[in-house]
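The structure appears right after this line, and notes come after that.
Protein chains: 2
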Amino acid sequence: MQPIATKVIDIYAAHSKGEDLAKLGEVFIEGWVRTNRDSGSIGFIALNDGTCFKNIQVVYNSNIDNHDKISHLLTGAAIGVKGTLVATPEMKQPFELHAVEIVVLGDVDADYPLQKKRHSFEYLRDMAYLRPRTNTFAALYRVRSVLALGVHEFFQGKGFVYVHTPEITANDAEGAGQTFTITTLDDEGKPSETDFYGKKASLTVSGQLHVEPFALAFRDVYTFGPTFRAEKSNTTRHASEFWMIEPEIAFADLEDDMNLMEETIKFCISYVLERCPDEMDFFEAMIAPGTKAKLAEVLSKPFRRMEYTEGIELLKKAVANGHKFENKKIEWGMDLQSEHERYLTEEIAKGPLFLINYPKDIKAFYMKENPDGKTVAACDLLVPGEGEIIGGSQREDNYDVLRAKMQKQGNEEGLQWYLNLRKWGGCVHSGFGIGFDRLLMYLTGVANIRDTEPYPRTSGNLKY
Amino acid sequence: MQPIATKVIDIYAAHSKGEDLAKLGEVFIEGWVRTNRDSGSIGFIALNDGTCFKNIQVVYNSNIDNHDKISHLLTGAAIGVKGTLVATPEMKQPFELHAVEIVVLGDVDADYPLQKKRHSFEYLRDMAYLRPRTNTFAALYRVRSVLALGVHEFFQGKGFVYVHTPEITANDAEGAGQTFTITTLDDEGKPSETDFYGKKASLTVSGQLHVEPFALAFRDVYTFGPTFRAEKSNTTRHASEFWMIEPEIAFADLEDDMNLMEETIKFCISYVLERCPDEMDFFEAMIAPGTKAKLAEVLSKPFRRMEYTEGIELLKKAVANGHKFENKKIEWGMDLQSEHERYLTEEIAKGPLFLINYPKDIKAFYMKENPDGKTVAACDLLVPGEGEIIGGSQREDNYDVLRAKMQKQGNEEGLQWYLNLRKWGGCVHSGFGIGFDRLLMYLTGVANIRDTEPYPRTSGNLKY
Chain A
1 MQPIATKVID IYAAHSKGED LAKLGEVFIE GWVRTNRDSG SIGFIALNDG
51 TCFKNIQVVY NSNIDNHDKI SHLLTGAAIG VKGTLVATPE MKQPFELHAV
101 EIVVLGDVDA DYPLQKKRHS FEYLRDMAYL RPRTNTFAAL YRVRSVLALG
151 VHEFFQGKGF VYVHTPEITA NDAEGAGQTF TITTLDDEGK PSETDFYGKK
201 ASLTVSGQLH VEPFALAFRD VYTFGPTFRA EKSNTTRHAS EFWMIEPEIA
251 FADLEDDMNL MEETIKFCIS YVLERCPDEM DFFEAMIAPG TKAKLAEVLS
301 KPFRRMEYTE GIELLKKAVA NGHKFENKKI EWGMDLQSEH ERYLTEEIAK
351 GPLFLINYPK DIKAFYMKEN PDGKTVAACD LLVPGEGEII GGSQREDNYD
401 VLRAKMQKQG NEEGLQWYLN LRKWGGCVHS GFGIGFDRLL MYLTGVANIR
451 DTEPYPRTSG NLKY
Chain B
1001 MQPIATKVID IYAAHSKGED LAKLGEVFIE GWVRTNRDSG SIGFIALNDG
1051 TCFKNIQVVY NSNIDNHDKI SHLLTGAAIG VKGTLVATPE MKQPFELHAV
1101 EIVVLGDVDA DYPLQKKRHS FEYLRDMAYL RPRTNTFAAL YRVRSVLALG
1151 VHEFFQGKGF VYVHTPEITA NDAEGAGQTF TITTLDDEGK PSETDFYGKK
1201 ASLTVSGQLH VEPFALAFRD VYTFGPTFRA EKSNTTRHAS EFWMIEPEIA
1251 FADLEDDMNL MEETIKFCIS YVLERCPDEM DFFEAMIAPG TKAKLAEVLS
1301 KPFRRMEYTE GIELLKKAVA NGHKFENKKI EWGMDLQSEH ERYLTEEIAK
1351 GPLFLINYPK DIKAFYMKEN PDGKTVAACD LLVPGEGEII GGSQREDNYD
1401 VLRAKMQKQG NEEGLQWYLN LRKWGGCVHS GFGIGFDRLL MYLTGVANIR
1451 DTEPYPRTSG NLKY
């Protein structure tokens, strides 16, 4: 067994509780050298042990046994330090570790690519396996982890059942967007699309169709897992593999759905602000100033709700008043572009905005047709700076209406089971989908989805 | 907005706290009819609202408006019931809901496949989307959900960072086992293995190689997500898609690793027993009697640890003493079969057993070579009734040793980054993998992995 090390996060916690650190006696800390400077008589190592965002300052002098070795330690080396903690109220860091012994646990070669200087996001993107060792990515992936737990705690705290919907599927949820197909080698060693499962299989684009049956058994359910799109969209917001949160609720209509969306977003914001204060301060200072004010503003008031039809009128008025959109032609029935969505949420609502009741022709087959015969009970949640971050809808629960739509779409055959739900205790139910990576972008202000994912997969990019 | 319903779980909670249910006044409950019997003057509906395992008994009489409709309600219908709760201390169920109004929220056609009678697992396996409406699968998927949260709470409670390792990968972790390859349609509409990413891409068989770099940044990390094997193993323990929990810890050797495995298993057992008492009682009574005693026994004492070499000696002795194995030839260097593993854990250890220090030739390239030059610091955790449920190891942290092994295996080129970790602050580190579905089988006593997964994917089976 390795010696039991004190974690840096625990030392900071003890310090912030006002405990006397000297009482900890001699401690042993393991971690990685961020910087090392030695003036001959005294040396300083900024040590990060991975347990928290902050480093701990190690002070050593020429009395330690292997002083020559230690004074030449490079950034990135793994070391263990035995020493005592000394409060330094007059310094930038609240305490230091005065080393009595330093052991090298994993040395670093001089070709280590993460030297002390600042590196661009592009440079670091090319070394996805090393970037969690930098401040920005350590902060980002810790928030990602905490946020994921928050999602589970939020839904399970409300009694939702977590369903692992499958990644490999015989269906294609929306009938839209290109999918990845799966092949294996058949007995003759030739790639086959059907050999393994006896039919064509693809990677899921959404867990929704598979999770709906579970809502009709458990009432409130959610799925949270990877989804895939084989679209060659080279934007800052598209990846071919990403995580989705998809809640589905029975005995619930679009209004219930929106209430849950609003509660979800507000919970996630509060959770991350509370659990990751150092990381969020870092993003505020170094990545996206204004993020914390933006999030505080979102928490402070109810999200506005607006009919799609009213949105179109407001966009027309904006054009008439000289607002310049790249897509100038505004008409009822159109799919809104990002610039339109952002105008409505940023200029009109000045905050999160639910746009509801979209024309049925631009929305998916499973959405509940409204009594007007023209629109569906769907909504998008638009937020300033991002545009859409959630899409949701009440689901069509009328067997005949849904069947007619599926026949038109040509997907009735493979989805007979989905249709069956409408004749066997199917009730009003609704759901939505949040792209987890985009939610993380929104919360942290990080601008490129390639940075929010540990190993991003985009068209043409499959390193590691 | 739909009317706000009282949840059945909250009523049971209030009742078990000794609260006077009459104080709740008139309640409204939504759910699905499990059974309905009507004697003319009085009728009884067993209603399940999905929020808990238990039903609530609804009592109605001929005074309700739509008595004829309600008295003919079939199993599976969704209804809303307005009424008052009445304690029935003399009856099997502790209280009843006396209905004043019952509305049909989703009717059920007579061809509904889940009629009142008991159905076999095989019958239900063919209707994966309906089986969560049965007692067995409602219990199973609720435990699955609670266990998943437990996994996150356990690791994050210890400061571990959750890493979403990728599903689509250019590597193949163990170089063993057939993988699924991904294809897309190229510009000419032909299936292509390289068009999308510019190289061949497959589905991951393990997140380990991708999560190791994160342990060398955050110290303690885990990944928990889907993994895939394209093996046509038609057994009760193999699926082509399954969820894996893979923790990875820095500054930790095999002993630390085993300590963490033991703590993980014990935590999971306690967590599920505490959070899902009704479900675990159901499994004990109906699925696998003895499971609760087995789990209590596991919690009660430390897991035994034994050298592989000693295991071989004990197996040889068993053969000499007349124990009948199908694979009789026992020799040092062999890979143990399930029957051997089960003999050691069931007959020798009579409980969970870590078998450690396996011959290096039968284990993966990334495992730490022991000083003896013959074995690696790997372990399997064997449990009675199942055999292996965890495999783990200390990782090879010596650059030259690892490089030589990778060159022999021919995977150095694509994994140069993995090798690099050993020269840039790489320290002693270890990790393990638990198949989440198999863990669920172990905890519940459910014997077939096809039943633990919401929509199982096995060779030849891709329904839904």
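In the order they appear, the protein sequences are chains A and B. Take the first sequence: its letter number 430 is residue 430 in this note's numbering, and every next letter is one higher. Take the second sequence: its letter number 439 is residue 1439 in this note's numbering, and every next letter is one higher. Using N, Cα and C, we set each Cβ at its ideal position, and we do this for glycine too. For clarity, every value in this text was computed on a predicted model and none was experimentally measured.
Take residue i and list the residues in its own chain whose beta-carbon comes closer than 6 Å to its own, dropping the five residues that flank it on each side.
| i | result |
| --- | --- |
| B:Ile1390 | Met1261, Leu1381, Phe1432, Ile1434 |
| B:Val1027 | Thr1006 |
| A:Gly31 | Leu47, Asn48, Asp49 |
| B:His1323 | none |
| A:Glu284 | Thr291, Lys292 |
| A:Val161 | Phe218, Val221 |
| A:Thr165 | Gly207, His210, Val211, Thr223 |
| A:Lys266 | Leu299 |
| B:Asn1036 | Ile1045, Leu1073 |
What separation, rounded to the nearest whole angstrom, lies between the Cα atoms of residue i and residue j?
| i | j | result |
| --- | --- | --- |
| A:Gln337 | A:Ala239 | 19 Å |
| B:Glu1167 | B:Thr1134 | 32 Å |
| B:Val1205 | B:Gln1178 | 9 Å |
| A:Val104 | A:Ala77 | 7 Å |
| A:Tyr343 | A:Lys54 | 39 Å |
| A:Ala201 | B:Ala1230 | 13 Å |
| B:Leu1074 | B:Asn1061 | 17 Å |
| A:Ile348 | B:Met1367 | 59 Å |
| B:Arg1144 | A:Leu254 | 29 Å |
| A:Leu21 | A:His15 | 7 Å |
| A:Met306 | A:Leu439 | 22 Å |
| B:Glu1369 | A:Glu274 | 44 Å |
| B:Leu1114 | B:Val1446 | 21 Å |
| B:Arg1372 | B:Tyr1308 | First, the amino acid is wrong: residue 1372 of chain B is Asp here, not Arg. Those two C-alpha atoms are separated by around 14 Å. |
| A:Lys116 | A:Val33 | 10 Å |
| B:Ala1217 | B:Glu1263 | 23 Å |
| B:Thr1481 | B:Val1151 | Outside the shown range of chain B (1001 to 1464) lies residue 1481 of chain B, about which nothing can therefore be said. |
| B:Leu1140 | B:Met1091 | 28 Å |
| B:Lys1190 | A:Leu415 | 26 Å |
| A:Asp68 | A:Ile45 | 14 Å |
For the beta strand (DSSP E) that residue i lies in, which residues bound it at each end?
| i | result |
| --- | --- |
| B:Thr1223 | 1220 to 1228 |
| B:Ile1356 | 1353 to 1359 |
| B:Leu1024 | Taken as a continuous stretch (DSSP letters only), B:Leu1024 belongs to no beta strand (DSSP E), as it is neither H nor E. |
| A:Phe435 | Before going on, a small fix: residue 435 of chain A reads as Gly here, not Phe. Run containing A:Gly435: 429 to 435, per the beta strand (DSSP E) assignment. |
| A:Ser393 | 387 to 394 |
| B:Met1244 | 1241 to 1250 |
| A:Gly106 | 95 to 106 |
| B:Leu1085 | 1078 to 1087 |
Report the partner residues of residue i according to the DSSP bridge assignment.
| i | result |
| --- | --- |
| A:Asp38 | A:Gly43 |
| A:Asn61 | A:Ile42 |
| A:Arg305 | A:Phe354 |
| A:Asn461 | A:Thr458 |
| A:Pro191 | A:Leu185 |
| B:Met1367 | B:Arg1395 |
| B:Val1383 | B:Gly1387 |
| A:Val33 | A:Leu47 |
| A:Ile168 | A:Leu203 |
| A:Ile56 | A:Leu47 |
Closer than 7 Å by C-beta to residue i: which residues in its own chain qualify, once you throw out the five before and the five after it? Chain order, please.
| i | result |
| --- | --- |
| B:Tyr1455 | Ala1128, Tyr1464 |
| B:Lys1317 | none |
Sorted by chain position, which residues of the same chain lie with C-beta nearer than 8 Å to residue i's C-beta, five sequence neighbours on each side aside?
| i | result |
| --- | --- |
| A:Asp335 | Ile362 |
| A:Asp397 | Lys368, Arg422, Gly426, Cys427, Val428, His429 |
| A:Asp437 | Ala239, Phe242, Trp243, Ile449, Thr452, Glu453 |
Check for me: the alpha helix (DSSP H) holding residue i runs from which residue to which?
| i | result |
| --- | --- |
| A:Gly150 | 135 to 157 |
| A:Gln2 | Run containing A:Gln2: none; DSSP gives neither H nor E here. |
| A:Lys200 | Neither: A:Lys200 is in no alpha helix (DSSP H) and is coded neither H nor E. |
| B:Tyr1012 | 1008 to 1016 |
| B:Tyr1271 | 1254 to 1275 |
Using a Cβ cut-off of 8 Å (strictly closer), state whether residue i contacts chain E.
| i | result |
| --- | --- |
| B:Glu1263 | Annotation note: the requested chain E is absent from the structure, which comprises protein chains A and B. |
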